[in-house]
Amino acid sequence: MELRRIVGEWPVLLARLTAAEVAGATSLARSCRPIEAERLWDGKLVVVLGCWHAAELERLGREPLRSQLEERLGKLLEEKIELVITRWPGGFLDERASEPRVAGETGASPAESNDGDLSNLEDADLSAPPDPLAGLPADAHAEAAKCESAIQRLFFATAYRRGLRLVCQYDVLIYRLDFADLSATVGAEVSGWDWHRRSQPGITPRDRELELGSEGWQVRWFAGAEVLDDVEGCVDVVEDLIAASSTLRSPEVYHDPRALRRAQQMRGYRRSGAATPSPEPSWEERDWEERDRDDAHRDERDD
């Protein structure tokens, strides 16, 4: 996995950049960590850094500094890379410092204070990024420890706060789902940075969805950029799938053909993203008076 490689080499990369007195090296060391790495079809390696200090992010994102860092990191990695610097999944440290702490909250940032005072920000340990899991109980932290990236932890934390209890890194067939709801057989994958850009032939997320679908699983695949940009919307998609699956599995639905058909149609329209129409009841679903009228109309046409 490309991200594991970059994370493992990151301390050495920072040390070499700092020793060479490369512009921006200190800022990288103080407030950035790798959050994703993805190999594109043309061989280029996309390296995504998450920055948890707004001022540093603005500075590092300016040209020509970003391009210079991209070039130096590429030489150290002996790779042609594309460097993306974006916000940290746990938010900005200065934003988190302004939020009051909750009693008993875990994973709090060192720069946070009870009264929201920002005067200690300059003295805070900026090498400790804000935790996306801050405020969640110990059992959530234990499950999220299986996540492979900070972006995945952000997804898990958002889902947990919405009442979803997802299992992380769940094995199905030859695959390992990043997140799974076992009761609804609904899964979610959060991988890569922007896999929509891939155009090479081979196994794609859609192929996996079809293969897992044959085993009764509904799986949605999100790129890291999607989750970071709109994590609430991504969790909405999974929550809707779980709700639709639960409706289809309920005894009441199986005993009511109209409810079953509507639930199936709702799930189909959720998948396509199209507006959901009001379904017309089938002949079997209509009451006796409606059936008699239909029979009368047919008799008139036959005469």
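At position 217 of the sequence shown the residue is numbered 216 (numbering that gives the first Met the number 0), and the sequence of numbers has no breaks. Virtual Cβ for every residue (Gly too), placed ideally from N, Cα, C. Note that the coordinates shown come from a computational prediction; the quantities given were computed from them, not determined experimentally.
Asked: Nearest residue (CA-CA) to Leu165, options Ile173, His52, Glu142, Arg175; Found: Glu142
Asked: Rounded straight-line distance, which links the Cα of Glu55 to that of Leu181; Found: 41 Å
Asked: Segment contact flag, the segment 28-38 with the segment 0-9, C-beta cutoff 8 Å, min 3 pairs; Found: yes
Asked: Cβ-based neighbour list, Leu12, same chain, cut-off 7 Å, excluding 5 preceding and 5 following; Found: Leu72, Leu75
Asked: Short CB-CB distance (under 8 Å) between Arg164 and chain B; Found: The structure shown contains no chain B, having only a single protein chain.
Asked: Span of the beta strand (DSSP E), counted from its first residue to its last, around Glu70; Found: No beta strand (DSSP E) contains Glu70, which is instead part of the alpha helix (DSSP H) from 64-76.
Asked: Close Cβ partners of Cys233 (< 7 Å) along its chain, the five nearest in sequence each way excluded; Found: Phe154, Phe221, Glu225, Val226
Asked: Endpoints, beta strand (DSSP E) assigned at Ala54; Found: Unbroken run through Ala54 is the alpha helix (DSSP H), 53-59; no beta strand (DSSP E).
Asked: Classification of Glu188 by the beta-carbon crowding that lies within 10 angstroms, buried from 16 upward; Found: buried
Asked: C-beta contact flag for Trp192 and Val83 at 8 Å; Found: yes
Asked: For Ala243 and Pro88, the rounded distance between their alpha carbons; Found: 29 Å
Asked: Endpoints, the alpha helix (DSSP H) within which Gly223 is located; Found: 223-228
Asked: Residue closest to Glu81, alpha-carbon to alpha-carbon, out of Leu176, Ala156, Gly60, Arg161; Found: Gly60
Asked: Run of the beta strand (DSSP E) containing Phe178, from where it starts to where it stops; Found: 174-180
Asked: 8 Å Cβ cutoff met for Leu209 and Gly186; Found: no
Asked: Check whether Pro129 and Leu92 have beta carbons under 8 Å apart; Found: yes
Asked: Close-in-space but distant-in-sequence residues of the same chain around Arg86 (CB under 7 Å, 5 per side omitted); Found: Gly49, Cys50, Leu56
Asked: Per-residue burial, Leu216 [other beta carbons within 10 Å of its own, 16 or more giving buried]; Found: Checking the displayed sequence, the identity of residue 216 turns out to be Trp instead of Leu. Trp216 should be labelled buried.
Asked: DSSP three-state assignment for Cys146, whether helix, strand or coil; Found: coil
Asked: Inter-residue CB distance, Glu231 and Thr184 (contact presumed, cutoff 8 Å); Found: Going by Cβ atoms, the distance from Glu231 to Thr184 rounds to 23 Å, so no, they are not a contact pair.
Asked: Where the beta strand (DSSP E) containing Arg29 begins and where it ends; Found: Element bounds for Arg29: not the beta strand (DSSP E) but the alpha helix (DSSP H), 24-30.
Asked: C-beta atoms of Arg175 and Gln168 nearer than 8 Å; Found: yes
Asked: Backbone secondary structure at Leu209 - three-state DSSP; Found: helix
Asked: Member of Phe178, Pro63, Leu163, Trp40 whose CA lies at the smallest distance from the CA of Cys146; Found: Phe178
Asked: Reduced DSSP category for Asp193 - H, G, I as helix; E, B as strand; rest coil; Found: coil
Asked: Nearest neighbour of Arg32, chosen from Arg58, Asp170, Ser148 [CA to CA]; Found: Ser148
Asked: Glu1 - DSSP class collapsed to helix/strand/coil; Found: helix
Asked: Rounded C-alpha distance that separates Ile150 from Ala19; Found: 31 Å
Asked: Residue range of the unbroken beta strand (DSSP E) whose run includes Glu81; Found: 80-86
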